[in-house]
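In my numbering, the protein residues as written are 125 to 275. Glycine included, each C-beta is placed from N, C-alpha and C at the ideal position. Since the model is a prediction, treat every value here as computed from it, not as a measurement. Since the structure comes first, as structure tokens, the remarks are kept for the end.
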Ligand SMILES: CC(C)(COP(=O)(O)OP(=O)(O)OC[C@H]1O[C@@H](n2cnc3c(N)ncnc32)[C@H](O)[C@@H]1OP(=O)(O)O)[C@@H](O)C(=O)NCCC(=O)NCCS
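And the structure:
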């Protein structure tokens, strides 16, 4: 079973930090005091994480990572969707993140766009809050799927 768990700013992150440490080699930091962190568990095992915070008029996403042995199972996609949903539910004006150039395709799938002035190692991406679309059907090419709602 896949579960998502939110941690408010100031919460104990001890369930989540081993995932961050394994993926990024990073522990808790000052940003956690300002962030909502999310943890995804697979059969009660912590496997993926990410965080969101507000700064200078934008919501920022960071630390999105999945343990290597759990990648390519749409768990990174789930973390990204949970974070975008959090931004949407706070009426975000815009959501930003910085990622390596080889990951822009992962983030552009959900509408984040590369910003001018980025370098290949560090690409800033942004989506206006009113462009966040978490409807899985809207980007799916299967027109005859029974899950698709009639217009
Ligand atoms: C990036 C990362 C979070 C992706 O997680 P994941 O669970 O393997 O990805 P998912 O299975 O959810 O992928 C969802 C979709 O994105 C696609 N995708 C994954 N990585 C991609 C990439 N680098 N470029 C383009 N598309 C990508 C998948 O093919 C999949 O497509 P589909 O819906 O057509 O099947 C994971 O590779 C990771 O933890 N990387 C190391 C940490 C890191 O660099 N994080 C980013 C910091 S900004």
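Secondary structure note for residue 213: its alpha helix (DSSP H) is the uninterrupted segment 199 to 213.
Taking all protein chains in view, the Cβ of residue 154 is surrounded by fewer than 16 other Cβ atoms within 10 Å, so the residue is classified as exposed.
Residue 257 is not a Cβ neighbour of residue 225, given a cutoff of 8 Å. For residue 220, the uninterrupted beta strand (DSSP E) run begins and ends at 218 to 223, by DSSP. Look at residue 252 here: in three-state DSSP terms it is strand. A distance of 8 Å or more separates the beta carbons of residue 173 and residue 219. The stretch 155 to 168 makes contact with the stretch 132 to 141; the number of CB pairs closer than 8 Å reaches 3 or more.
Between ligand 1 and the CB of residue 140, the shortest heavy atom gap is not smaller than 7 Å.
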